[in-house]
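Worksheet: the structure to be examined is printed underneath.
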């Protein structure tokens, strides 16, 4: 007998969480024992989308009568847990960023209280798991990393595209303040030589970042390509993937780069980069890993500049980088999700 599972998130397109939801939904749908349905709450740009989403989700629950609701991101999780008080489904909350449960903002404070009522909390990094075990009942918390389709990444990376430069660094992600893309631009402007940076993504900081590139005199060296359905050719041909985030969950862009044999230069933010590269979160200085990737303290633009100029990353062996993330491929991760879902019923 199959088990009906409803996967809920904000929208079909957006950041890394949405990409993971789409991948997970597609893979779980292939299984006969699970009847997977995916519901996107935000189908309009209206400021009142959360209000209408409440009633739409009520309708979907009445219609489908799911055994389990798996929710991703803050609002879908809060809504799912609240509605579980009036229905018989179990709740599986997937936490994608440490800021979702460990922050001074109101949302994190609400999450700390409401998430205690979830039947299961899935953390995507070990550091996040440690925190969740303190905040919530240990019996309800588990670790499952994000699934990645490395074969798909490789196939798409072979797509022929017109590269704006032959030698460049790349950033892939949302253009928000916490991603500190401004540090990447400043670092490029201060390094020696004619360094190029390709930025793949959109967000509210885009116009500010373009203005910054102009002010720093590197507007002709920084290329804003917008959000792309296939960023993989740009990742595959880059000298290195750059990330300067203040916080993350388990950054997909780093895993995608490593999966394509591309080295990474990243901030040691919580959570994810240190675990992916096999170093300590307590490292407070620039460090070159055994695999020739580079990790630097959050907010240290000087260290970022030194990392770019060191060119140690050019010594990285692609097959070694790929081996670092092979355990994150689809099959083992999806198997863990199947076991976790079945354990709820």
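In the working numbering, the protein residues as written are 78 to 422. Where is the CB? At the ideal position from N, CA and C, for every residue including glycine.
In this structure, residue 224 sits near residue 405, with a CB-CB distance shorter than 8 Å.
In the three-state reduction of the DSSP assignment, residue 193 falls in the helix class, which pools H, G and I.
Distance from residue 211 to residue 200 at the Cβ level is roughly 12 Å; contact not present, criterion being Cβ atoms closer than 8 Å. Burial of residue 372 is indicated by the presence of at least 16 other C-beta atoms within 10 angstroms of its C-beta.
Take residue 226, set aside five residues on each side of it, and the residues of its chain with a beta-carbon closer than 8 Å to its own are 100, 406, 407, in chain order.
In this structure, DSSP gives residue 117 an extended state, which the three-state scheme calls strand. For the pair residue 246 and residue 315, the CB atoms are nearer than the 8 Å cut-off.
Nearest to residue 151 by C-alpha distance, out of 86, 161, 119, 167, is 86. Exclusion of the five residues before and after residue 79 leaves 109, 110, 111, 112 as the residues of its chain whose Cβ lies within less than 8 Å of its Cβ. The C-alpha of residue 303 lies about 43 Å from the C-alpha of residue 165.
Distance from the Cα of residue 221 is smallest, within the candidate group 229, 377, 206, for 206. Residue 144 carries a coil assignment under DSSP once its states are collapsed to helix, strand and coil. For residue 178, there is no enclosing alpha helix (DSSP H), as DSSP marks it with neither H nor E.
In the DSSP annotation of this structure, residue 81 is not part of any alpha helix (DSSP H); the continuous beta strand (DSSP E) holding it starts and ends at 80–86. In this structure, the CA atom of residue 140 is about 11 Å from the CA atom of residue 114. Pairing residue 400 with residue 313, the inter-Cα distance amounts to about 16 Å. DSSP, read as helix, strand or coil, puts residue 149 in strand. Bridge pairing for residue 387: absent [DSSP].
In the three-state reduction of the DSSP assignment, residue 303 falls in the strand class, which pools E and B. The C-beta of residue 340 has 16 or more other C-beta atoms within 10 Å across all chains shown, which makes the residue buried. Put simply, the stretch 256–267 touches the stretch 288–303. At least three CB pairs are less than 8 Å apart.
With a cutoff of 8 Å on beta-carbon distance, residue 146 and residue 83 are scored as near each other.
Straight-line spacing of the CA atoms in residue 358 and residue 374 works out to 10 Å.
Between residue 168 and residue 161, the C-beta gap is smaller than 8 Å, which places the two residues in contact. In the DSSP assignment, the residues bridged to residue 343 are 320, 372. Under DSSP, residue 415 forms no beta bridge with any residue. Here residue 328 is not near residue 319, since their CB atoms are 8 Å or more apart. Residue state for residue 219 is assigned as strand, using DSSP reduced to three classes. In the DSSP assignment, residue 396 falls within the alpha helix (DSSP H) that extends over 395–401.
Residue 171 is bridged by DSSP to 149, 199. Taking a contact as a CB-CB distance under 8 Å, the pair residue 326 and residue 349 counts as one, their CB atoms being some 6 Å apart.
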